[in-house]
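Note that full-length UniProt numbering has the sequence shown beginning at 1, numbered continuously upward. Think of the CB as a built atom: it goes at the ideal place given N, C-alpha and C, for glycine as much as any other residue. Everything numeric in this text was worked out from a predicted model, so none of it was measured. See below for the structure under consideration.
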Amino acid sequence: MKTPKWRNTHPDFKLNGIHYEFNELPEVGYSLIKEGVPFEQEIGDFIVDWCLEQPYCIVNTSGSTGTPKEIRLAKEHMVNSALATGDFFQLESKNRSLLCLPCSGIAGKMMLVRAFVLGLELDYVQPSSSPLELSDKIYDFVAMVPLQVEKSVHKLDKITKLIIGGAPVSKELKMKLQPSKTMAFETYGMTETVTHIAAKPLNNPANNLLGLIENQNWFMVLPKVNISQDERNCLVIDAPSISTQAITTNDIVELKSESQFKWNGRYDLIINSGGIKLIPERIERKLASVIHKRFFVAGVQDETLGQKLILVVEGVANEQQTLTEKITAFQELDRYEVPKAILFCTQFVETATGKVDRKATIAHLDETNSK
């Protein structure tokens, strides 16, 4: 019987400077579980899980757009995803990589799988908002969430290729990345697609890697990924190498070609205000020019409009008048895109993976205001 391709480690694979054969990994995993701190125990749990005979891993979805759930991902599909990432980003064996994301989620797990499969020399550090403060090394390939990049802009010269996922990259952060020599990419994906299935360059070095002149508005799909739209204009992903069936998303997109798309927002977040359909993410991209802290817009029940547009800002209410004046004077918003109310929340509710939980934050505001 042929040995599954995931039951191997690349000859050049290293974890914190040490090479391990596949049959040595369980001992590494058990050691981390027994002797490690919590983030190392998560790494150990995944390593042990990866080495079990079962051909799949059980992974939790993030819960950012609904109730978190457990799904099975075939280990063969995870290997295929790693190979596609290596091809797309032109990674080579012995490239140095950094794991600075929690291994409780698919993004952290796949950094390990890429190292096993591609022969990367992977270091890990405790996940934090400033992971580069914990290492003086130079890395060829690193994955971060936007908050980590924001806190690490002054140290990005330590990274050759950087992928950013978990949340959209703000216009402000994108501007900060322009002078960097680091090849920075925003990725698109989800747990069900084994992390990213597409990426878009955020600065000129990233454009150059892909041989593009200018492509900072469009995601490009990875090898062996086919895309289309359903009747809602939502993205449909057909990628047999990572999923046995096509995945229909709730992401509203515009297709440029069979391999390029622009993300416009979530179908399940659309606000119907007096018969006008508003896409929150589109409004948020405009408001990012005048609001320089975390915020989001949402629809709440209204007797007259059905739903009314509100703006929720992380901060204190004494900023309300100043912010109202800024938005009133802001010319980029259409008349229907001006929020009917501004609410402030001291701290947003987050999912387990650090994403803003919009519904829970609004529920928390309702609960606070009712007291």
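Which residues bound the alpha helix (DSSP H) around Glu92?
-> Position 92 of the sequence shown, counted from the start, is the residue given in the question as residue 92. Where Glu92 is concerned, there is no enclosing alpha helix (DSSP H), given that its DSSP letter is neither H nor E.
For Lys256, collect the residues of the same chain with a Cβ closer than 8 Å to its Cβ; drop the 5 residues on either side in sequence, then sort them by chain order.
-> What you label residue 256 is simply residue 256 of the sequence shown in a count that begins at 1. Around Lys256: Trp218 and Lys262.
Could you tell me the distance, in whole angstroms, from the CA atom of Ser64 to the CA atom of Glu350?
-> In the sequence shown, residue 64 corresponds to position 64, counting from 1. In the sequence shown, residue 350 corresponds to position 350, counting from 1. Because the pLDDT of Ser64 is 49, which lies under 50, any placement of that residue in the model is unreliable, and the number read from its coordinates should be weighed accordingly. So the alpha carbons of these two residues sit roughly 9 Å apart.
Helix or strand or just coil, what does DSSP make of residue 398?
-> There is simply no residue 398 to check, as the chain begins at 1 and stops at 371 in what is shown.
Kindly indicate which residue of Leu209, Ile252, Tyr188 and Pro205 has the alpha-carbon position closest to the one of Val225.
-> Here residue 225 corresponds to residue number 225 of the sequence shown, with the count starting at 1. It is Tyr188.
Exposed or buried, Gly265, counting other C-beta atoms within 10 Å across all chains shown (16 or more means buried)?
-> The count along the sequence shown starts at 1 and reaches residue 265 at position 265. That one is buried.
Pick out whichever of Leu333, Lys340, Phe330 and His292 has its Cα sitting closest to the Cα of Leu311.
-> Counted from its first residue, the sequence shown places residue 311 at position 311. When only C-alpha atoms are compared, the closest one is Lys340.
Trp263, DSSP secondary structure in three states = The residue labelled residue 263 in the question sits at position 263 within the sequence shown. In the structure shown, Trp263 sits in a strand (DSSP, three-state: E or B).
Every unbroken alpha helix (DSSP H) within the stretch 273-331, with a cutoff of 4 residues, ordered by chain | 280-287 and 320-329
If you drop the 5 nearest sequence neighbours on each side, which residues of the same chain put their C-beta closer than 6 Å to that of Glu231?
-> Translated into the one-based positions of the sequence shown, residue 231 becomes position 231. The answer is none, since no qualifying residue turns up.
If we ignore side chains and look at the alpha-carbon of each, how far apart do Gly274 and Gly36 end up?
-> Reading the sequence shown from its first residue, position 274 is the one you call residue 274. Reading the sequence shown from its first residue, position 36 is the one you call residue 36. Cα to Cα, Gly274 sits roughly 55 Å from Gly36.
At least three beta-carbon pairs within less than 8 Å, the stretch 32-46 to the stretch 141-148 | no
Asp49 (DSSP reduced to helix, strand or coil) = Start at 1 with the first residue of the sequence shown, and residue 49 comes out as number 49. Correct three-state label for Asp49: helix.
Minimum C-alpha distance to Lys200 - residue among Phe344, Ala184 and Val194 = On the sequence shown, position 200 is the one that residue 200 refers to. Nearest of Phe344, Ala184 and Val194 to Lys200, Cα basis: Ala184.
Is DSSP giving Pro201 helix, strand or coil here?
-> Stepping through the sequence shown from its first residue, residue 201 is reached at position 201. Correct three-state label for Pro201: strand.
Whole-angstrom Cβ separation of Gly243 and Glu192, contact assumed at under 8 Å?
-> Translated into positions along the sequence shown, residue 243 becomes position 243. Translated into positions along the sequence shown, residue 192 becomes position 192. It is worth fixing the name first, because residue 243 is Ser in this sequence and not Gly. Between Glu192 and Ser243 the Cβ distance is about 7 Å, and since that is below 8 Å, they are a contact.
Per DSSP, what kind of secondary structure is His364 in: helix, strand or coil?
-> Here residue 364 refers to the residue found at position 364 when the sequence shown is read from its first residue. Of the three classes helix, strand and coil, the one that applies to His364 here is helix, per DSSP.
Measure the beta-carbon distance from Thr160 to Arg114 and round it to whole angstroms, keeping in mind my assumption that it falls under 8 Å.
-> Here the question's residue 160 lines up with position 160 in the sequence shown. Here the question's residue 114 lines up with position 114 in the sequence shown. 15 Å between Cβ atoms; not a contact.
What's the C-alpha gap between His19 and Ile47?
-> On the sequence shown, position 19 is the one that residue 19 refers to. On the sequence shown, position 47 is the one that residue 47 refers to. When rounded, the distance between both Cα atoms is 14 Å.
Cutoff 6 Å; reference Lys14; Cβ partners in own chain excluding five residues on either side = One-based indexing of the sequence shown puts residue 14 at position 14. Taken in chain order, the residues that qualify are Glu121.
Provide the residue span of the beta strand (DSSP E) that contains Ala246, from first to last.
-> The residue you call residue 246 lines up with position 246 of the sequence shown. Where Ala246 is concerned, there is no enclosing beta strand (DSSP E), given that its DSSP letter is neither H nor E.
Are the beta-carbon atoms of Asp45 and Gly29 separated by less than 9 Å?
-> Residue mapping note: residue 45 aligns to position 45 of the sequence shown, counting from 1. Residue mapping note: residue 29 aligns to position 29 of the sequence shown, counting from 1. Taking 9 Å as the Cβ cut-off, Asp45 and Gly29 qualify as a contacting pair.
Using a threshold of 9 Å, state whether the C-beta atoms of Ala221 and Gln245 are closer than that.
-> As a working mapping, residue 221 is identified with position 221 in the sequence shown. As a working mapping, residue 245 is identified with position 245 in the sequence shown. Note that residue 221 corresponds to Val in the displayed sequence, not to Ala. No, the Cβ-Cβ distance between Val221 and Gln245 is not below 9 Å.
Give the DSSP bridge partners of His196, in chain order.
-> For the purposes of this step, residue 196 is taken as the residue at position 196 of the sequence shown. Partner(s): Gly189.
Compare the Cα-Cα distances from Gly299 to each of Ser104, Ile270 and Ala107 and report the closest residue.
-> Here residue 299 corresponds to residue number 299 of the sequence shown, with the count starting at 1. Among Ser104, Ile270 and Ala107, the Cα nearest to that of Gly299 is on Ile270.
Short check: CB of Lys137 to CB of Lys158, under 9 Å?
-> For this step, residue 137 is matched to residue 137 along the sequence shown. For this step, residue 158 is matched to residue 158 along the sequence shown. Yes.
Compare the C-alpha of Asn250 against each of Ala239, Cys234 and Ser241 and name the closest.
-> Within the sequence shown, numbered from 1, the residue matching residue 250 stands at position 250. With distances taken between Cα atoms, Asn250 lies closest to Cys234.
Determine the closest residue to Leu147 out of Ile247, Ser135, Ile164 and Ser31, with distance taken between C-alpha atoms.
-> The sequence position of residue 147 within the sequence shown is 147, counting from 1. Residue Ile164 is the option with its Cα nearest to Leu147.
Can you tell me where the beta strand (DSSP E) with Tyr139 in it begins and where it stops?
-> For the purposes of this step, residue 139 is taken as residue 139 along the sequence shown, with counting starting at 1. Per DSSP, Tyr139 belongs to the beta strand (DSSP E) from Tyr139 to Met144.
Determine which residues share a DSSP beta bridge with Met220 and list them.
-> Locating residue 220 in the sequence shown gives position 220, where the first residue counts as 1. Met220 pairs with Ala199 and Gln260.
Coil, strand or helix - Asp268 by DSSP = Walking along the sequence shown from the start, residue 268 turns up at place 268. Helix at Asp268.
Please confirm if the stretch 103-113 is in contact with the stretch 194-208, defined as three or more CB-CB distances below 8 Å between the two stretches.
-> yes
DSSP three-state assignment for Thr61, whether helix, strand or coil | Stepping through the sequence shown from its first residue, residue 61 is reached at position 61. In the structure shown, Thr61 sits in coil (DSSP, three-state: anything other than H, G, I, E or B).
Taking all protein chains shown into account, decide if His292 is buried (16 or more other Cβ within 10 angstroms of its Cβ) or exposed.
-> For the purposes of this step, residue 292 is identified with residue 292 of the sequence shown, where counting begins at 1. The residue in question, His292, is exposed, as its Cβ has fewer than 16 Cβ neighbours within 10 Å.
Near Glu186, what residues of its chain come up, given a Cβ to Cβ distance below 6 Å and the 5 sequence neighbours on each side ignored?
-> Here residue 186 refers to the residue found at position 186 when the sequence shown is read from its first residue. Closer than 6 Å at Cβ, skipping near neighbours: Ile164, Val169, Lys200 and Leu202.
Which parts of the stretch 103-187 are runs of the beta strand (DSSP E), unbroken and 3 residues or longer, counting only runs that do not cross its ends?
-> 121-124, 139-144 and 159-164
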